[in-house]
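Q:
Protein chains in written order, with the numbering used here: chain V, 71 to 200; chain F, 524 to 1346.
1. I need the DSSP call for residue 625 of chain F, collapsed to helix, strand or coil.
2. Cβ of residue 171 of chain V less than 8 Å from any chain F Cβ?
3. So which residues of chain F does residue 196 of chain V contact, with C-beta pairs closer than 7 Å?
4. By how many angstroms is the C-alpha of residue 1175 of chain F removed from the C-alpha of residue 1200 of chain F?
5. According to DSSP, simplified to helix, strand and coil, what is residue 974 of chain F?
6. Beta-carbon within less than 6 Å of residue 848 of chain F's beta-carbon, same chain only, minus the 5 sequence neighbours each way: which residues are those?
7. Could you say if the segment 903 to 923 of chain F and the segment 691 to 699 of chain F meet the contact criterion of at least three C-beta pairs nearer than 8 Å?
8. Label residue 1267 of chain F either buried or exposed according to how many other C-beta atoms from any shown protein chain fall within 10 Å of its C-beta, with 16 as the threshold for buried.
9. Leaving out the 5 sequence neighbours to the left and right, which residues in its chain are closer than 7 Å to residue 197 of chain V when beta-carbon positions are compared?
10. Anything in chain F within Cβ reach of residue 95 of chain V, meaning under 9 Å, just list it in chain order.
11. Is the beta carbon of residue 518 of chain F less than 8 Å from the beta carbon of residue 838 of chain F?
12. Any idea if residue 862 of chain F is buried or exposed, counting beta-carbon neighbours within 10 angstroms, 16 or more meaning buried?
13. Would residue 814 of chain F and residue 946 of chain F be called neighbours here (beta carbons separated by less than 8 Å)?
14. Are the CB atoms of residue 1008 of chain F and residue 973 of chain F within a distance shorter than 8 Å?
15. Quick check on the burial criterion: 16 or more other C-beta atoms within 10 angstroms. Buried or exposed for residue 627 of chain F?
16. Hey, how far is the Cα of residue 649 of chain F from the Cα of residue 665 of chain F?
17. Residue 668 of chain F and residue 731 of chain F look like a contact to me (Cβ under 8 Å); what is the Cβ gap, rounded to whole Å?
18. Residue 144 of chain V to residue 117 of chain V, Cα distance in whole Å?
19. Going by alpha carbons, who is nearest to residue 150 of chain V out of V/127, V/120, V/166?
20. Should residue 192 of chain V be flagged as near chain F, meaning a C-beta pair shorter than 8 Å?
21. Please list, in chain order, all residues of the same chain as residue 1067 of chain F whose beta carbon is under 7 Å from its beta carbon, the five residues on each side excluded.
22. Whose CA, out of F/1250, F/1246, F/728, F/895, lies closest to the CA of residue 1227 of chain F?
23. Specify the secondary structure class of residue 825 of chain F as computed by DSSP and reduced to three states.
24. Between residue 79 of chain V and chain F, is the shortest Cβ-Cβ distance under 8 Å, so that the two count as touching?
25. Pull up the distance between the alpha-carbon of residue 954 of chain F and that of residue 983 of chain F, whole angstroms please.
26. Please confirm if residue 83 of chain V has its CB atom under 8 Å from at least one CB of chain F.
27. How about residue 865 of chain F: is its C-beta nearer than 8 Å to some C-beta of chain V?
28. Determine the chain V residues that contact residue 704 of chain F at a beta-carbon separation under 8 Å, and present them in chain order.
29. Would residue 933 of chain F and residue 891 of chain F qualify as a contact pair, given that the criterion is a beta-carbon distance under 8 Å?
30. Along chain V, in chain order, which residues have C-beta atoms closer than 8 Å to that of residue 589 of chain F?
31. List the whole-angstrom C-beta distance separating residue 1347 of chain F from residue 1204 of chain F, where the pair is believed to meet the contact cut-off of C-beta under 8 Å.
32. Between the C-alpha atoms of residue 767 of chain F and residue 965 of chain F, what's the straight-line distance to the nearest angstrom?
33. Would you please verify whether the beta carbon of residue 143 of chain V is less than 8 Å from any beta carbon of chain F?
34. Quick check on residue 155 of chain V - is its C-beta less than 8 Å from some C-beta in chain F?
35. Name the chain F residues that come within less than 8 Å of residue 126 of chain V, Cβ to Cβ?
36. What are the residues of the segment 174 to 189 of chain V that lie near chain F, defined by any Cβ-Cβ distance shorter than 9 Å?
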């Protein structure tokens, strides 16, 4: 009777407190991935030149140098945008995949007690019967 | 109330049942065995599938048919067992209530914490005392107190269980392990006696208990990697090239809010309430809201910032600071990248502009004096750069500085001083330092496979402060901890107790600590008079006085806040004052080289103090302060002490009374591990006069001292500060002969190394006494005379090759002339 009570308490925890904690873990890990790939920061600095490599513009009447600086700075912005774009996409994909697939992990958690007990029983049966 | 009934009232009871059935030890074993079986069955099955179709294996097919399904069964079964053990781990871990980590709140319906429950559960069939001694956590506390397993089992087997007893009173609304331990200590006489016999006080008991809980909780806490604070500390892959809106600031700084020490209250060593409230008040003002945080070199200053960050995070702070973002500007990185004045100024101004634009940044500058001196070297004036920002309300700065550098670099700068308000950091208490090193000790223990007792940790914290007075105690204590672990490992010591710590410190510093006194040392201490008396002739009172001081120091009876000993030696020249100081250095500190000498007649002029403790104007360190920093223990001989000026004598009033003084930069210099010997010829005339009259000068000590005071040589309060004023007598002929013999022995010892024997005879001794001493200078000229006569003659003989290895030499005296006779 007492051991049944212990089992009951365990299942109450497994499908109650632990399940709720797993759901908040879903949120924590998704936010972590978002932050790990610096998605927000990269997005806010999307058009900044790569590594902030940029030259100061000369006087406007020096057309040749002015346009050469403009070209250089534009190029660095494009390089920056290009790299940031890929990191943002990679980060979003990872976060998205995690968000989609985490419920599968939750499902495993839900069936885990049954699976573990079944595995033990199957193991014993195989050892005995062969 | 019956313990069992009490236990059952909480929902934790079932957890305790599970825990007792599959304890952590059993779970670990279960996981290890099942893990190994999973691994090996997997390997066997892979091998089987690789070789099953080979011709040689075909003959074993029947056996394989029988074995393989069973192997698969074993594999699957162990996967299940491993899974169960892991689930139980998770279940029990989630029930753990942190007693130190205040982040975890208890539910109002809880009766006791899991740790307290474990002790009560162990004692459910006996009593709380048995529960404590038999529970895993109780045993751990006793191990931390240095109590051996045998002592535990001997004690507990002699104790009859009480069966029915009162449940301990709880301090908070939940029963904690600390309540149980206090209950046992206050109500169980046998338990208290058992601990007291082992020298364990209530304070030490509770300290060890806190440490054990700290140990469990730190492991539990660190295992929870999924907490948002733990995840936030993992750096992002694109952070360093993402170029945020505070690009320059990010480049040279660190987001201090993300430090592990801020994330959890677990790392709270000291609340630093006083310092935090001062900082809060300054930063909450509308203008000139900048702080200059001053402290000794070490971690203490950043610990204050961490405490401030914790308060900002918990929103338990003034409204104006609630959403602040403290950023630590790492000056070393900034200055190492700036080689030109214009670049430096440009970067610095841009950083401050970014801080203004960000709006919520609280800029913490970690090594402010370095920033100022680098700017000066580059030809820039930091005060003119920073002044507009300091006076406005756009930037809030906390500048950090060491005390010495503050006096040197910041204090003379009026602009900075008017823009920054000073907050001084008080040093941590020994208990707080012990708490810091107890955390580090856990990592060291894992690394070296050793165990520290709580008393060892406490001793480390106390010794760091006492024997290594330079710098911040917590840093020195951690350094000591890092040094003692490999030392103990090399010596094969597994359990490090207080005595091992003292032994190590004695080895490191040569200061005899009051730890374990070996038989050899015991003999030495008890025969101190004879040992010093072998070198110092005819000065019984002096020898007894210094011997007593050494014994007091070694036994730990002395006042720890004063120098080990201080003596004023009065008497004529050449009677053994310096020799006594040398003997003291050799006997107490192991070598004559541990005697430092200051000729005080050189410190008579007005600049004497500056030369001794340093000059602020010239930024020169003092001879005396530097000498004591280089060597923090030994004998300091203050020769001709009466000749120094009054200001210096006043400095010694403080030194002899408090065991420390401050140098010109305000840095404290400790003299707690020093024996001071001040010598003076003052009163010699009176002493001679008394001897002539056939009186014992010791009987008229008061008269001699009165004479000295009336002449204004020493103030009465200075004489009273010395542990002993010792009168040295002029030496009589017999004593001079003994000294002469000792000196000849020294020469003979040196010659023996060359294989030459020097024979001593009475006529040689009489000759040396007659020519090498006099009434005014005592035995002082004797050494010189032996050099000029005896040693000179020997050296000539050796050079002429008349005196060779294996020869024996003797001196005869004819017509007051030394004549060498070689055999």
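Cβ coordinates follow ideal geometry from the N, Cα and C atoms, glycine included. Please read all numbers here as calculations on a predicted model, not as lab measurements.
A: Here's the rundown:
1. Bear in mind that the predicted position of residue 625 of chain F carries a pLDDT of just 42, short of 50, making it too unreliable to give a figure here.
2. no
3. 592, 593, 595, 596, 599
4. 12 Å
5. strand
6. 883, 884
7. no
8. buried
9. none
10. 749
11. Here chain F has residues from 524 to 1346 only, and residue 518 of chain F is not among them.
12. exposed
13. yes
14. yes
15. Because the pLDDT at residue 627 of chain F is just 46, under 50, the model does not fix this residue reliably, and the value given afterwards should be weighed accordingly. Residue 627 of chain F is exposed by the Cβ-count criterion.
16. 19 Å
17. 5 Å
18. 10 Å
19. V/120
20. yes
21. 1052
22. F/1250
23. helix
24. yes
25. 11 Å
26. yes
27. no
28. Within chain V, no residue comes near residue 704 of chain F; the closest Cβ sits about 29 Å away, beyond 8 Å.
29. yes
30. 200
31. The first residue shown for chain F is 524 and the last is 1346, placing residue 1347 of chain F beyond what the model contains.
32. Annotation note: pLDDT 44 at residue 767 of chain F (below 50); position unreliable, coordinate value reported separately. Each residue's alpha carbon lies about 39 Å from the other.
33. no
34. no
35. None at all; the shortest Cβ gap to chain F is about 12 Å.
36. 182, 183, 185, 186, 187, 188, 189
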